[in-house]
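Let me begin by presenting the structure, written as structure tokens, before commenting on it.
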Amino acid sequence: MQKNTIHKIYPVTGMSCASCAMSVESIATTVPGVQQASVNFATQALDIYFNPEQTNETQIQKAIENVGFGLLVDEDNAFEQQQQQQLTAYNQLKKQTLGAVLLTIPVVVLDMIWMDWKPAHWIMLFLSTIILFGFGSRFFVNAWKQAVNGRANMDSLVAISTGVAYVFSLFNV
């Protein structure tokens, strides 16, 4: 390491798979002045060595946020803040999942019982659109952020597969 190197460990938010961790790591290493960076997906932390004369925490944070992730640098209790954000995200996911399940039940019932009734197809299309683009919007937003930066992760896989299935289903209405 060089003479003026700072070593820090920062909590990272928004990672959902190992590919996300690799994206954060590769973006961090492209910031001028960063000498070494590694991300541990299990601990959701970025271990980084950088030269403060060439870069600072804010520049590293902005680079990572541009890819769709978060880096907590300003907090004295950053890891506690990370846990709080994870709990909030978990509770939000539970609500979204419950909403999606509640709207999926009528879709399944309509498809199984009244599959030959033409208005049922339009009702299912309406409900499926809400499920996919309302409750599942985070997959499309995160996939877009990754695509803009020439990367892919699990959100990309989910967005592409459900998007293709949705478009294919439109032809069957």
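So the sequence shown is numbered by my numbering: it starts at 7 and just counts up by one.
We put the beta carbon where it would ideally sit given N, CA and C, even for glycine.
Could you give the distance in angstroms between the alpha-carbon of residue i and the alpha-carbon of residue j?
| i | j | result |
| --- | --- | --- |
| Q87 | L116 | 44 angstroms |
| S44 | G140 | 35 angstroms |
| S143 | D80 | 29 angstroms |
| F174 | L131 | 12 angstroms |
Please work out which residues of its chain come closer than 6 angstroms, Cβ to Cβ, to residue i, disregarding the five sequence neighbours upstream and downstream, and give them in chain order.
| i | result |
| --- | --- |
| H127 | V179 |
For residue i, which residues of its own chain have a beta-carbon under 7 angstroms away from its beta-carbon, when the five flanking residues on both sides are left out?
| i | result |
| --- | --- |
| K14 | I54 |
| Q91 | T19 |
| Q65 | V37 |
On the DSSP bridge list, what partners appear for residue i?
| i | result |
| --- | --- |
| A56 | Before going further, note that residue 56 is Phe rather than Ala in the sequence given. Paired residue(s): I12 and V40. |
| V18 | L77 |
Can you tell me whether residue i is helix, strand or coil according to DSSP?
| i | result |
| --- | --- |
| T49 | coil |
| G76 | strand |
| G169 | helix |
| A69 | helix |
| C26 | helix |
| N148 | helix |
| D117 | helix |
| F132 | helix |
| T103 | helix |
Please classify residue i: is it buried, with 16 or more other beta-carbons within 10 angstroms of its beta-carbon, or exposed?
| i | result |
| --- | --- |
| F145 | buried |
| G74 | buried |
| A69 | buried |
| C26 | buried |
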